[in-house]
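What follows is a set of notes on a single structure, which appears directly below.
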Amino acid sequence: MDWIGLDDGPLPVAEAASWVIRPDCGGVVTFIGTVRDHSEGREGVTFLEYEAYRDQVVPKLAALAAEARRRWPELGRLALLHRLGSMGLGEASVLVAASAPHRGQAFDAARWCIDTLKTTVPIWKRESWSDGSDWAAGASEVRELSDG
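Each number in the numbering used here corresponds to the 1-based position in the sequence shown with 1 added.
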C-alpha cells in the first residue's frame, strides 16, 4: 500500500509518519526535507518555491514506489509526498516514509526513494534570498528511473 501525493499546502507529516506503522513492521523510517537558510554557495535563503510538471509527477512517484517494492519486497507501507509553491524556513517540502519488518530494509528503501526522487521526478526549486532569487544551483537533469 502506498501513499503518493503532490500538494500545494502543508504536508501531513505526522499523519504520514503514523500511517506507515504496521504490526508486522518493526522498522519505520521517516525522512522530511525542510527549507533551510542556505544552499550551495548561497547564504541567507529566506524561502523556496517548487514547480513541477504536475501531470508527470504522480505517475513518476508511483513508478518509483513500484521499483522500491521490487527491490525491497518486504516493504510494508510507503509514503512519497512532495509540496509545490512557496515555503518558508523550516517548512516540509518532501516526505518519504517507509515501514518494513526490520530497520535495515526501511532505511535502505527510504534512502533510495529520496535519492531517486530527487533525480527522476520533474520538480524544480527556486531559491530566494535578500539579494535576489534563482533556480537552485545543485539542480540536475531529470533522468528516467531505468537509467540507474
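Ideal Cβ placement from N, Cα and C applies to all residues, glycine included.
(request) Taking only the alpha-carbon atoms, compute the straight-line gap between R43 and V36 and give it to the nearest angstrom. (result) 13 Å
(message) Which of the three DSSP states is assigned to S100 in this structure?
(response) strand
(request) Have a look at I22 and G77 and give me their C-alpha separation to the nearest angstrom. (result) 8 Å
(request) Specify, as a first and last residue, the run of the alpha helix (DSSP H) that S147 falls within. (result) S147 -> no alpha helix (DSSP H), and no H or E assigned at all.
(request) Output the boundary residues of the beta strand (DSSP E) element that contains E16. (result) Unbroken run through E16 is the alpha helix (DSSP H), 14-20; no beta strand (DSSP E).
(request) State the Cα-Cα distance for the pair V95 and W73, rounded to the nearest angstrom. (result) 21 Å
(message) Less than 8 Å between C-beta atoms, sequence neighbours within five positions excluded: which residues of the same chain meet that for I115?
(response) F32, G34, V95, V97
(message) Applying the 10 Å Cβ sphere with the 16-neighbour rule, what's the burial state of Y51?
(response) buried
(request) Could you pull the start and end residues of the beta strand (DSSP E) that V29 belongs to? (result) 28-35
(request) Could you name the residues of the same chain whose beta carbon sits closer than 7 Å to that of V14, not counting the 5 residues immediately before and after it, in chain order? (result) I33, A93, L96
(message) Please classify Q106 as buried or exposed, where buried requires at least 16 neighbouring CB atoms within 10 angstroms.
(response) buried
(request) Flag this pair as yes or no: are the beta carbons of R84 and D8 separated by less than 8 Å? (result) yes
(message) Given this structure, state the Cα-to-Cα distance separating A67 from D132, to the nearest angstrom.
(response) 42 Å
(request) Please list, in chain order, all residues of the same chain as G91 whose beta carbon is under 8 Å from its beta carbon, the five residues on each side excluded. (result) T35, V36
(request) Answer yes or no: do G28 and R104 have a C-beta to C-beta separation smaller than 8 Å? (result) yes
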